[in-house]
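Written below as structure tokens is the structure these notes are about.
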Amino acid sequence: MTDLGMPETRYAHSGDISIAYQTIGHGPLDIVIVPGAFSHVEFNHELPGFTAFLHRLSSISRAVTFDKRGQGLSDRVSGVPSLEERMDDVRAVMDAIGSPRAILLGFSEGSAMSVLFAATYPERVSHLILFGGYARAGYSVSDEAFEAFITGTVAAWGTGQMMKTVVGTRNENEREIALLGKYERMSCSPGAFKTLSVMNRRIDVRSILSSVRVPALVLHSRADARVPVAEGRKLAAAIPDAKYIEYDDLPHACFAGPCERLIGDIEEFVTGHRDGAFPETDRVLATVLFTDIVGSTRLAVEVGDHRWHELLDRHDRLAQQTVEKHRGNFVKSTGDGILATFDGPGRAVRCALAFGAAAQQMGLPLRAGLHTGEIEVRGQDVGGIAVHAAARVMAQCGANEVLVSRVVTDLVAGAGLKFTERGAFELKGIPGQWELFAAAP
């Protein structure tokens, strides 16, 4: 593990094919996460919420992620792998980590193969969990609608438009969309996605659902923009004695939403109890700072790759120095921005203003968002609603602007800082109206 908790990528061998996988945690149980139509075990951690989701799972288990053959860091293959070959990949990963029996957590397209594996090898599956899944890939989508979807998706592959519907974002934040586009490109090529999608449309495991004899939990969300909630209901109804739980607010990729309840449901299902707390997590009050470079993609194109990397290196050094000067905790770089926490809101605001001014002199227009609230500290990383809130506050910023929530202004009263009202905003995924204020030196 690195200082930021990044698992090491290793390879299992499924016949002549190398399968990339990662493990995190040392719990008494093994949870093998079977991905959907595309994945990348390393770049997954760039997606907001993914690493925190794994850390939460790792409080009760050793969580295992992998790229199926043809995906991400696993070997590319000719043609389209069958469900049987994909089952071999799961078995190879389990053998490589020395897991005789595991919990299978099938996501989206990975649910069908997880069902088949559990029915075929019940001695190797203790529990079956399916999220955002389906038994028949075609369900109610007509051939015409499917062709239109494939044509449009392939044409836009690499722009992030597909992943937007997976993670449930409607935000047009340039950095976030660029990140999602890069994830698409690194997962697989547009041609490979098309070929896989055409094959997946023929998947139909309805006839074997009644053969599943391991404890099964089916999870789905009414907010799922990729797979209709009706498919989750049908899936649960056809598996003997399956437990079904439905959510209101989770996207197709559950890790991208408020998933504390989901983690609790999984814990209760596999352990029989729900602690509601994660032993490796400390909860403290902190002021969270998020920043990013406005128009980073355009700037990178203008100055070229070499010069852009030099600027990013200078940006990161400046960020760490400024955060340390203001007695903050530099959590991590987010590519073209930072995440930091402070035990005092006044120092956090002054740090954001100083960092923004220094970066502007470098020709890098920054925006910064701050919020004070309770955060979860897990090793070197942080999570919780306060972290999401600070990111959402930043999303409302313009170039060279520092925005803070009402609670920050209340806590720094009398500290000599100046604020201008910006009005009330709805922050994506967070209830209520939020009053935001622009900070000035």
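Quick note: the sequence shown uses my numbering, first residue 14, plus one each step. Ideal placement from N, C-alpha and C gives every residue a C-beta, glycine not left out.
C-beta contact flag for residue i and residue j at 7 Å
| i | j | result |
| --- | --- | --- |
| residue 381 | residue 365 | yes |
| residue 148 | residue 219 | yes |
| residue 188 | residue 305 | yes |
| residue 51 | residue 200 | yes |
| residue 31 | residue 88 | yes |
| residue 252 | residue 229 | yes |
| residue 135 | residue 231 | no |
| residue 422 | residue 438 | no |
| residue 163 | residue 210 | yes |
| residue 175 | residue 166 | yes |
| residue 362 | residue 416 | no |
| residue 314 | residue 140 | no |
| residue 310 | residue 191 | yes |
| residue 298 | residue 389 | no |
| residue 132 | residue 221 | yes |
| residue 243 | residue 249 | no |
| residue 75 | residue 49 | no |
| residue 180 | residue 264 | yes |
| residue 278 | residue 258 | yes |
Three-state secondary structure assigned by DSSP to residue i
| i | result |
| --- | --- |
| residue 84 | coil |
| residue 441 | coil |
| residue 55 | coil |
| residue 458 | Residue 458 falls outside the range modelled here, since the chain spans only 14 to 454, and no answer is possible. |
| residue 319 | helix |
| residue 446 | strand |
| residue 373 | helix |
| residue 166 | helix |
| residue 362 | helix |
| residue 215 | coil |
| residue 393 | coil |
| residue 305 | strand |
| residue 223 | helix |
| residue 260 | strand |
| residue 182 | coil |
| residue 255 | coil |
| residue 430 | coil |
| residue 385 | strand |
| residue 149 | strand |
| residue 237 | coil |
| residue 296 | strand |
| residue 380 | strand |
| residue 47 | strand |
| residue 266 | coil |
| residue 26 | strand |
| residue 42 | strand |
| residue 435 | strand |
| residue 313 | helix |
Same chain only: Cβ atoms within 7 Å of residue i, ignoring 5 sequence neighbours per side
| i | result |
| --- | --- |
| residue 17 | Residue placement at residue 17 is poorly supported in this model, since its pLDDT is 35, which falls under 50; the coordinates are not used for a value here. |
| residue 360 | 339, 340 and 341 |
| residue 281 | 287 |
| residue 33 | 22, 24, 54, 79, 80, 85, 86 and 87 |
| residue 130 | 100, 103, 117 and 138 |
| residue 194 | 171, 172 and 173 |
| residue 424 | 358 and 385 |
Other residues of its chain near residue i: CB distance less than 8 Å, five sequence neighbours each side excluded
| i | result |
| --- | --- |
| residue 292 | Because residue 292 sits at a pLDDT of 45, beneath the cut-off of 50, its placement in the model cannot be relied upon, and the following sentence gives the value as read from the coordinates. Counting only Cβ-Cβ distances below 8 Å, and skipping sequence neighbours, we find 72. |
| residue 216 | 96, 122, 125, 149 and 150 |
| residue 90 | 30, 82 and 83 |
Contacts around residue i, its chain only, beta-carbon distance under 6 Å, and the 5 residues preceding and following it disregarded
| i | result |
| --- | --- |
| residue 81 | 99 and 102 |
| residue 290 | Confidence at residue 290 is low in this model, with a pLDDT of 46, below 50, so the placement of that residue is unreliable and no value is reported for it. |
| residue 15 | Summary for residue 15: the model assigns pLDDT 33, below 50, so the residue's position carries little reliability; its value from the coordinates is reported in the next sentence. Answer for residue 15: no residue qualifies. |
| residue 367 | 335 |
Terminal residues of the beta strand (DSSP E) in which residue i lies
| i | result |
| --- | --- |
| residue 245 | Careful: residue 245 lies outside any beta strand (DSSP E), inside the alpha helix (DSSP H) at 242-251. |
| residue 76 | 74-79 |
| residue 109 | Run containing residue 109: none in the beta strand (DSSP E); it sits in the alpha helix (DSSP H), 96-109. |
| residue 405 | Residue 405 -> not in any beta strand (DSSP E); alpha helix (DSSP H) instead, spanning 398-408. |
| residue 139 | 138-144 |
| residue 232 | 229-234 |
| residue 416 | 414-418 |
| residue 36 | 30-37 |
| residue 350 | 350-355 |
| residue 344 | 342-346 |
| residue 117 | 115-120 |
Span of the alpha helix (DSSP H), counted from its first residue to its last, around residue i
| i | result |
| --- | --- |
| residue 68 | 63-70 |
| residue 123 | 123-133 |
| residue 191 | 187-200 |
| residue 277 | 273-284 |
At least three beta-carbon pairs within less than 8 Å, the segment 296-310 to the segment 362-378: Cβ pair count under 8 Å is three or more, so yes.
Touching by the beta-carbon criterion (3+ pairs, under 8 Å), the segment 108-119 and the segment 136-148: yes
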